[in-house]
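Enquirer: Numbering (the working numbering), first residue to last: 1 to 357. Where a beta carbon is used, it is the ideal one built from N, C-alpha and C, also for glycine. Every value quoted in this text rests on a predicted model; they were computed, and no experiment measured them. What follows is a single structure, and I will ask about it in a moment.
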Amino acid sequence: MQTIEVETRQRHYQVTIGRGALDEIGKIAAQATSGRTAMIVSDDIVGPIYIPRINKILREAGFKVFSYTHVSGEAHKNINMLQRLYNIFGQLELTRTDLIVALGGGVIGDVAGFAAATYLRGVPYIQVPTSLLAQVDASVGGKTAIDMPFGKNMVGAFYQPWAVVCDPDVLSTLPAPRIAEGMAEVIKYGCIRDASILKNAANQKFEAEAMIARCVQIKADIVAADELDKGERMLLNFGHTLGHAIEKATNYSMYTHGAAVACGMVAALRIGIALGITPAATESILKNLLTLWQLPTAAAVSKDEVLHTVRQDKKWLTGKLNFVLLEDFGRAVLYPLQLDEMTELVEATWLEAGVNG
Ligand SMILES: NC(=O)c1ccc[n+]([C@@H]2O[C@H](COP(=O)([O-])OP(=O)(O)OC[C@H]3O[C@@H](n4cnc5c(N)ncnc54)[C@H](O)[C@@H]3O)[C@@H](O)[C@H]2O)c1
Ligand SMILES: [Zn+2]
Numbered sequence: 001m002q003t004i005e006v007e008t009r010q011r012h013y014q015v016t017i018g019r020g021a022l023d024e025i026g027k028i029a030a031q032a033t034s035g036r037t038a039m040i041v042s043d044d045i046v047g048p049i050y051i052p053r054i055n056k057i058l059r060e061a062g063f064k065v066f067s068y069t070h071v072s073g074e075a076h077k078n079i080n081m082l083q084r085l086y087n088i089f090g091q092l093e094l095t096r097t098d099l100i101v102a103l104g105g106g107v108i109g110d111v112a113g114f115a116a117a118t119y120l121r122g123v124p125y126i127q128v129p130t131s132l133l134a135q136v137d138a139s140v141g142g143k144t145a146i147d148m149p150f151g152k153n154m155v156g157a158f159y160q161p162w163a164v165v166c167d168p169d170v171l172s173t174l175p176a177p178r179i180a181e182g183m184a185e186v187i188k189y190g191c192i193r194d195a196s197i198l199k200n201a202a203n204q205k206f207e208a209e210a211m212i213a214r215c216v217q218i219k220a221d222i223v224a225a226d227e228l229d230k231g232e233r234m235l236l237n238f239g240h241t242l243g244h245a246i247e248k249a250t251n252y253s254m255y256t257h258g259a260a261v262a263c264g265m266v267a268a269l270r271i272g273i274a275l276g277i278t279p280a281a282t283e284s285i286l287k288n289l290l291t292l293w294q295l296p297t298a299a300a301v302s303k304d305e306v307l308h309t310v311r312q313d314k315k316w317l318t319g320k321l322n323f324v325l326l327e328d329f330g331r332a333v334l335y336p337l338q339l340d341e342m343t344e345l346v347e348a349t350w351l352e353a354g355v356n357g
């Protein structure tokens, strides 16, 4: 078992990582809050598997425990689920000293986190991430949000959790495509900060605890330096600008987020290579690694389709977009681009699956 400290202006908290960490939840929750009522929020896939165990541990730690499961999936990360949570919290008369436990993937973490941020102007919550993506990324750093009809994560708050509990053993029930999706983010951390992660991923040395801990440490360092996403934290968007464009251009139905980010990382490398910033040899190394994890390296989206979507990015309203490039594996930089430069670079480098990629 190991702990990683996250030091933000809003709160100082610990991420506990280790096999069997779920069994520590009672102790962690009791330390995190003075209240003795805990409300577990989960989805209908994760809940039935893990709620009974967590319920028991929390009860043994002296909590009165309630739980609620919502239908799983990104399609439900919306205001209806949020409203449902507010109503349940209200009916149960939860107070500002009670505790919300977000048990699930990034969707549950984001919505339960936002509900915690806003119900009674903020109640304590802990993150218990159960997907690899949520363990290495979404559960740490305090970004909470819901999707709106006009865009993903459009309403939310920065609201740091009181604690995060990551148990790699829960990944045993996570379907393989979801592991691959999380691996896309793991590979992203390797690309931007620590090339040794890429080596381990390439050897398929899937020592989950150490790998999750390394990724969480990177995220914790970046969030501590830039809690509100004004500079360094943008490096975490490596592969995401074009990845999001791929997701949007295909109506969020053809590629998982991880798969789209995988293609976006290759595209960002190729742009860096065209600009003479990224070494050319990185491209085949990254592609081989993504392929090893059953992730795509190019999407079935044409240059025109991706550019059409990229142009709609609200970040252009400020004139420039901070695009993340690699100087090498492990070293990322923000590179401000104007729309016409971006257009030219995509024109020159875009790979389309089945056409030239
Ligand atoms: N807040 C942040 O900083 C941040 C960062 C990255 C992503 N996100 C958000 O996270 C979301 C994606 O997260 P996700 O990929 O975890 O999606 P998710 O929450 O939808 O989980 C994926 C699927 O896996 C299932 N699942 C989760 N853990 C399981 C387990 N242990 N066993 C069996 N099934 C399990 C879920 O029920 C779901 O069906 C997106 O909405 C994204 O915007 C947020
Ligand atoms: Zn991502």
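(1) Grab the span of the alpha helix (DSSP H) containing S391 for me, first residue to last.
(2) Measuring alpha carbon to alpha carbon, tell me which of A117, G104, A353, D137 ends up nearest N237.
(3) Please confirm whether any heavy atom of ligand 2 lies closer than 7 Å to the CB of H70.
(4) Tell me which residues share the same chain as R233 and place their Cβ nearer than 6 Å to its Cβ, disregarding the 5 neighbours each side in the sequence.
(5) If you pair each beta-carbon of the segment 8-24 with each one of the segment 127-145, do three or more pairs fall below 8 Å?
(6) Just the C-alpha distance for L92 and K314, rounded to the nearest angstrom, thanks.
(7) Taking the alpha carbon of W350 as the reference point, which residue from D304, A115, A201 has its own alpha carbon closest?
(8) On the criterion of 16 or more Cβ atoms from any shown chain inside 10 Å, does M397 qualify as buried, or is it exposed?
(9) Following the continuous beta strand (DSSP E) through E5, name the residue where it begins and the one where it ends.
(10) How should R96 be labelled, buried or exposed, when 16 other C-beta atoms within 10 angstroms of its C-beta is the threshold for buried?
(11) Do you know offhand how far V101's Cα is from G319's?
(12) Considering only C-alpha positions, which residue in the set G330, G47, E344 is nearest to C191?
(13) Taking the Cβ atom as the reference point for each residue, do L99 and P129 lie within a distance shorter than 8 Å?
(14) Looking at ligand 2, does it come within less than 7 Å of D110, judged from the CB to the closest heavy atom?
(15) Three or more C-beta pairs closer than 8 Å, one from the segment 51-62 and one from the segment 183-201: is that the case here?
(16) Heavy atom of ligand 2 less than 7 Å from the Cβ of D137, yes or no?
(17) Buried or exposed: where does A112 fall if 16 or more other Cβ atoms within 10 Å of its Cβ makes it buried?
(18) Starting from the Cα of Q160, find the closest Cα among A220, I179, D169 and give me that residue.
(19) Is the CB-CB distance between L295 and A348 below 8 Å?
(20) Taking 7 Å as the cut-off, is the beta-carbon of V107 closer than that to any non-hydrogen atom of ligand 2?
(21) Beta-carbon within less than 7 Å of M370's beta-carbon, same chain only, minus the 5 sequence neighbours each way: which residues are those?
(22) Of the residues S172, R270, S72, A274, which one's Cα is nearest the Cα of I285?
Expert: For this structure:
(1) Any answer about residue 391 is impossible in this case: the structure gives the chain only from 1 up to 357.
(2) D137
(3) no
(4) I222, D226
(5) yes
(6) 40 Å
(7) D304
(8) In the structure as shown, the chain begins at 1 and stops at 357. Residue 397 is therefore absent and cannot be evaluated.
(9) Here the beta strand (DSSP E) through E5 covers 2-7.
(10) Under this definition R96 is an exposed residue.
(11) 40 Å
(12) G330
(13) no
(14) no
(15) no
(16) Within the cutoff, so yes.
(17) buried
(18) A220
(19) no
(20) no
(21) The chain is shown from 1 up to 357; residue 370 falls before or after that span and cannot be answered.
(22) Checking every option, the nearest Cα to that of I285 belongs to R270.
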